[in-house]
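Chains C and B, in that order, give the protein sequences. The opening position of the first sequence corresponds to residue 1 in full-length UniProt numbering, with each subsequent residue numbered one higher. The opening position of the second sequence corresponds to residue 1 in full-length UniProt numbering, with each subsequent residue numbered one higher. Ideal Cβ placement from N, Cα and C applies to all residues, glycine included. Values in this document were obtained by computation on a predicted structure and should not be read as measured data.
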Amino acid sequence: MSRPRLVGAEKSAPSLAPDLLVRMHDLMVKARVLEERLIQMYKQGDGYFWIGGPGEEAFNVPLGLLIKKGQGPAFDYLHFHYRQSATFLAMGEEPIGALRQMKNTATDPYSGGRNFAGHFSKRAWNLAPVTSPIEVQYAMAPGTAMAQKRHGGDGISIVTGGDAGTAEGDFASCLVWSSRPGNELPVLMIVTHNKWGISTASDTQQGPKNIADRATAFGIRNKTIEGNDPVVAYQELQEAMDYVRKERKPFLLEARVSRLFGHSSASGANMVEGELDCISAFEEKLEASGILTRSQMDEVRERYTAEMSAMAKQVREEPQPKPEDIWNHIFFEGK
Amino acid sequence: MANMAQAIRMALHYGEKHLGVTDIFGEDVGMPLGGVFTQTQGLEKSWNTPLDERGIIGMAMGLAMAGERPVAEIQFADYVYNTIDLLKLAGNTCWATNGDWNLPMVVMTPVGAGIRGSIYHSHSFDAMMTHIPGWKIVLPSNPLDAYGLLVSAMQEQNPVMYLPPKALMRIRGEELIPGEPEDQRELSKMIDAPLGDRSKWKAKWPALEGYSVPIGKGKIVREGKQVTVVSYGRTLLLCADAAKELAAEGIDAEVIDLRSLWPYDWEMIQASVKKTGRVLFVNEDTEVTNFGEHLIRRTVDELFYELLAPPRLIAGKFVPGIGLSDALERASVPQPEDVKSAIRSLALEQP
């Protein structure tokens, strides 16, 4: 049986160190197991709604590894969407937070039981609150980027969204505001293109062959890449980020990815046939090149499955928010 | 005495000099125009944006997120409607993140009728805005309050919606802004941009003081015992004039300028209604689902047994716009005679 071939991977694989490949694999599996656990929690009644990014790990893990993590304009500002648990884990976040948010416990570190799964937020890492309305994050990214340009250094604003949301005006706003002549801003715009907007096929709604092409009219550098290959994703992200960091100008990167469990629990959250699974494809490559054995990779998955099962049990026992908590934090209580 | 546009300009100057305001921006906010009402002329931190209201609000949110202190302007409140979901987002950011993030930003947008602005330059925004939790909302009715409320807004850790009435941009108050010269011609020479080439012009700012009006505090502009009239913005002036005229008829009305719509000075309204037993709320927003309706509901809930007459609301007619013709505009929003007759009939109503 022939193995699936990864676009662009043949020439790029050797240039990434084996320990980085192993680390990326570990994080990809960790993120997948987390999403599977979240789906299971939802199906067992331990949450009301699931949305996440299984299928995007090959792109989201390299992104997380390349982020300049910290608080304030010297570091990267992150305007994510709700399919990026893999990015967050790759940055070093503990998975139990996502479980707590799914179970909407008082201990949920991102919203205190107020928001959906995958709606992360962490000021200490410049991670802006993830929102349910798609694309509003594209309107905000030029703001943090302007502060960063003013501050100096190499911090950039990274904004991510899906292909369907690029139909919204905020995507156009980001193109306009980040490329004003003389006021170009360090924004890395990312579109993870999975070919769907809930149940609507993108090729019935989007005229351009590549979404990235839209940036050309603004003089913004852009590229469409194979986002299901972590090696390609790592290298292309590194190149795009280097450009934005050094030139202090925007870049639009479109990554073609899979959507393995549909849009969200609203569409069933069941495995979808016919989509390329980036982890299986990567594992075949790792095995073929002798970097990891099948049993080593199985061990990674089993370990994370056991860990997250234990976490889910723990989270189930944690307190729910109190009704009176609705009155907290309407206005900022700090200085 | 400064007019309201000058007062706003001076407050913004005070903000950029002393309160850490980093950006004052919007459509035509920078030079050469310096704001369609001249309210941003000569400021150091002002700049022009693309004609993109969603981009303006998004930019303000991003700047605030990154530790800057922005003041964004939407040229007319009529155009802030297409940013409603971003305003909702700015309002819920602190709550949604359980207190982790806050957005210290000011959005100012001129509201209301009275400039013959037709369908797209006459809207009010008070009902819409008071429906979005997480914001503080202020609405000045004179230049000194315009200055003081904006100074407070620029010191806030939360988003503040600042709603100057368009029709009052040229009115002058009776009190000096602390630091402004007494002679208004002198002030004009210092801070009003000249006609023609403005490329080399620089404002000469007076030594202003950090006078502030606390957000949430109303003001009794006229004391009275017979009926309470609560208003804000442009219609406050109609109420004050009506009360003055009705005094000659022996009607003693107390007039409250609410100044802040959220939080608002319920204590002041409550004390006044307990004294008079009668209350009229006046504003120019459309009357259905009007902020005054909320005030009436609360009055009935909490003060029912204090009342000698049903609380009333005078507001704009529930029609899709304000027509350009003088007759149409006047028929759409409260006029002096409407306010006067409402106060008169309420004051004389017996249980």
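Cβ-based neighbour list, C/His-263, same chain, cut-off 8 Å, excluding 5 preceding and 5 following: The residue labelled residue 263 of chain C in the question sits at position 263 within the first sequence. Cβ neighbours of C/His-263 beyond the five flanking positions: Ile-51, Trp-196, Ile-198, Ser-199.
Residue of B/Arg-54, B/Glu-337, B/Leu-237, B/Gly-323 minimising C-alpha distance to B/Ile-119: Here residue 119 of chain B refers to the residue found at position 119 when the second sequence is read from its first residue. Across the set B/Arg-54, B/Glu-337, B/Leu-237, B/Gly-323, the C-alpha of B/Gly-323 shows the shortest separation from the C-alpha of B/Ile-119.
Residue from C/Val-130, C/Arg-114, C/Ser-179 whose Cα sits closest to the Cα of C/Ala-145: To locate residue 145 of chain C, count along the first sequence from 1; it is residue 145. Among C/Val-130, C/Arg-114, C/Ser-179, the Cα nearest to that of C/Ala-145 belongs to C/Ser-179.
Span separating the alpha-carbon of B/Val-111 from that of C/Ile-39: Counted from its first residue, the second sequence places residue 111 of chain B at position 111. Counted from its first residue, the first sequence places residue 39 of chain C at position 39. If I take the Cα positions, the gap works out to 48 Å.
Cβ-Cβ distance between B/Glu-254 and B/Val-227 below 9 Å: Within the second sequence, numbered from 1, the residue matching residue 254 of chain B stands at position 254. Within the second sequence, numbered from 1, the residue matching residue 227 of chain B stands at position 227. The answer is yes: Cβ separation under 9 Å.
9 Å Cβ cutoff, B/Trp-266 in contact with chain C: Along the second sequence, read from residue 1 onward, the residue named residue 266 of chain B stands at position 266. Chain C contact via Cβ: absent.
Within-9 Å CB hit, B/Cys-94 to chain C: Reading the second sequence from its first residue, position 94 is the one you call residue 94 of chain B. Interface residue, yes.
Given 8 Å, three or more beta-carbon pairs between the region 62-82 of chain C and the region 114-122 of chain C: Touching, per the Cβ criterion.
C/Thr-216 in three-state terms, based on DSSP: Indexing the first sequence from 1 puts residue 216 of chain C at position 216. Here C/Thr-216 sits in helix by DSSP.
Beta-carbon separation (whole angstroms), B/Arg-259 vs B/Val-138, contact threshold 8 Å: What you label residue 259 of chain B is simply residue 259 of the second sequence in a count that begins at 1. What you label residue 138 of chain B is simply residue 138 of the second sequence in a count that begins at 1. Their Cβ separation, rounded to whole angstroms, is 6 Å, which keeps B/Arg-259 and B/Val-138 in contact under 8 Å.
CB contact check: C/Glu-318 to chain B, cutoff 9 Å: Residue 318 of chain C sits at position 318 when you count from the first residue of the first sequence. Chain B, which has no Cβ nearer than 9 Å to the Cβ of C/Glu-318, makes this no.
Inter-stretch contact at 8 Å, needing at least 3 Cβ pairs: the region 81-91 of chain B / the region 95-103 of chain C: no
B/Pro-320, DSSP secondary structure in three states: Taking the second sequence and counting its residues from 1, the one referred to as residue 320 of chain B is at position 320. Note: B/Pro-320 maps to coil in three-state DSSP.
Helix, strand or coil at B/Leu-63 according to DSSP, with G and I counted as helix: To locate residue 63 of chain B, count along the second sequence from 1; it is residue 63. Of the three classes helix, strand and coil, the one that applies to B/Leu-63 here is helix, per DSSP.
Environment of B/Tyr-14 [buried if 16+ CB atoms lie within 10 Å]: If you number the second sequence from 1, residue 14 of chain B lands on position 14. Label assigned to B/Tyr-14: buried.
Through-space distance from B/Trp-205 to C/Pro-109, alpha-carbon basis: Translated into positions along the first sequence, residue 109 of chain C becomes position 109. Translated into positions along the second sequence, residue 205 of chain B becomes position 205. Rounded to the nearest angstrom, the gap between the Cα atoms of C/Pro-109 and B/Trp-205 is 47 Å.
Three-state secondary structure assigned by DSSP to C/Val-191: Mapped onto the first sequence, residue 191 of chain C falls at position 191. C/Val-191 falls in the strand class under three-state DSSP.
Three-state secondary structure (DSSP) of C/Ala-9: As a first step, residue 9 of chain C must be located in the first sequence, where it is residue number 9. Residue confidence is low: C/Ala-9 scores 47 on pLDDT, short of 50, so the model does not pin down where it sits. Its coordinate-derived value is still stated next. The answer is helix: DSSP assigns C/Ala-9 an H, G or I state.
Cross-strand partners of B/Tyr-162 (DSSP beta bridge): For the purposes of this step, residue 162 of chain B is identified with residue 162 of the second sequence, where counting begins at 1. The partner list for B/Tyr-162 (beta bridge, DSSP) reads B/Met-108, B/Val-138.
Closer than 8 Å: B/Ile-191 CB and nearest the ligand HEM heavy atom: The model on display carries no ligand, and the ligand HEM is accordingly not part of it.
Uninterrupted alpha helix (DSSP H) stretches inside the region 254-315 of chain C (no shorter than 4 residues): 278-288
9 Å Cβ cutoff met for B/Ile-220 and B/Met-268: For the purposes of this step, residue 220 of chain B is taken as the residue at position 220 of the second sequence. For the purposes of this step, residue 268 of chain B is taken as the residue at position 268 of the second sequence. Cβ distance < 9 Å, so B/Ile-220 and B/Met-268 count as in contact.
Contact under 9 Å by Cβ, B/Asp-257 with B/Gly-218: For the purposes of this step, residue 257 of chain B is taken as the residue at position 257 of the second sequence. For the purposes of this step, residue 218 of chain B is taken as the residue at position 218 of the second sequence. Taking 9 Å as the Cβ cut-off, B/Asp-257 and B/Gly-218 qualify as a contacting pair.
Residue span of the alpha helix (DSSP H) that contains B/Pro-143, given as start and end: Taking the second sequence and counting its residues from 1, one reaches residue 143 of chain B at position 143. Where B/Pro-143 is concerned, the enclosing alpha helix (DSSP H) stretches over 143-153.
Cβ-Cβ separation, C/Lys-223 to C/Leu-188 (assumed contact under 8 Å), whole Å: Taking the first sequence and counting its residues from 1, the one referred to as residue 188 of chain C is at position 188. Taking the first sequence and counting its residues from 1, the one referred to as residue 223 of chain C is at position 223. About 11 Å separates the two Cβ atoms, so there is no contact after all.
Proximity winner among B/Ser-332, B/Leu-346, B/Met-61, B/Arg-330, relative to C/Ala-141 (alpha-carbon distances): Walking along the first sequence from the start, residue 141 of chain C turns up at place 141. Comparing Cα positions, the closest option is B/Met-61.
Cβ contact (3+ pairs, closer than 8 Å) linking the region 56-72 of chain B and the region 14-24 of chain B: yes
Identity of the residues DSSP links to B/Val-230 by a beta bridge: Taking the first residue of the second sequence as 1, we reach residue 230 of chain B at position 230. Looking at the DSSP assignment, B/Val-230 forms a beta bridge with B/Ile-256, B/Phe-281.
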